[in-house]
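In what follows, a single structure is set out as structure tokens and then discussed.
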Amino acid sequence: MSKEILFKCSKCSTIYYEPRILCPKCSGLVLTHYSRPKHLEIHGEYEGIWKLKKHLPPIPFNYVVSLDEGSTPLLKIENFASKIKYKGKILVKDETRNPTGSFRDRVATVIVSHALYVGAKKLICATDGNTGASIA
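This is the structure in structure tokens:
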């Protein structure tokens, strides 16, 4: 387990170093806490958002459910800069290339993979939009 990640009970503040949903001491919700990295480490063996695996929840790769979320291009917008009289370059991240066309696909792969890892049998998502499609 990475020293950058710990799990803390929201009720009694007990610290755990392995993932869990509920605190065995008080039944409080256990939240994940990350230390902020000085720089991002990218793993070339993984695709999409999972290239940043070291900075995501500690999920063994055999539990990862992914459709290559996050492998979206950064596009240079040529004409727009001149139209607004901007001399620099403007770049746009094309999130429509994610599996459901939404940036929410990035977090959905982590949520679903983590749920599988901790043994969840069902996922419930209150949404009126793209999050539900991404998690489905």
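Each residue of the sequence shown is one higher than the last, beginning at 276 in my numbering. Note that the Cβ used here is the ideal one computed from N, Cα and C, for glycine as well. As the structure is a computational prediction, the values presented were derived from the model and not from experiment.
Next on the checklist: With a threshold of 8 Å, are at least 3 pairs of Cβ atoms found where one atom belongs to the region 386 to 395 and the other to the region 348 to 364?
Outcome noted: no
Item to check | Close beta carbons around TYR291, own chain, < 6 Å, minus the five adjacent residues each side | outcome: Here residue 291 corresponds to residue number 16 of the sequence shown, with the count starting at 1. Closer than 6 Å at the Cβ level, and outside the excluded window around TYR291, lie PHE282.
Checklist entry - DSSP state of TYR292, grouped into three classes? => result If you number the sequence shown from 1, residue 292 lands on position 17. Note: TYR292 maps to coil in three-state DSSP.
Checklist entry - Should ASN354 go down as buried or exposed, given a rule of 16 or more other Cβ atoms within 10 Å for buried? => result As a working note, residue 354 is residue 79 in the sequence shown. With fewer than 16 Cβ atoms within 10 Å of its Cβ, ASN354 is classed as exposed.
Checklist entry - Quick one: what's PHE347 bridged to in DSSP? => result Within the sequence shown, the letter at position 72 stands for residue 347. The sequence shown places Thr at residue 347, not Phe. Beta-bridge pairing links THR347 to no other residue.
Checklist entry - According to the Cβ coordinates, are SER409 and ASP380 closer than 7 Å? => result Against the sequence shown, residue 409 aligns to sequence position 134. Against the sequence shown, residue 380 aligns to sequence position 105. Taking 7 Å as the Cβ cut-off, SER409 and ASP380 qualify as a contacting pair.
Item to check | Buried or exposed by the 16-neighbour rule on C-beta atoms within 10 Å, applied to THR384 | outcome: On the sequence shown, residue 384 is found 109 positions in, with the first residue counted as 1. Buried, because 16 or more other Cβ atoms sit within 10 Å of the Cβ of THR384.
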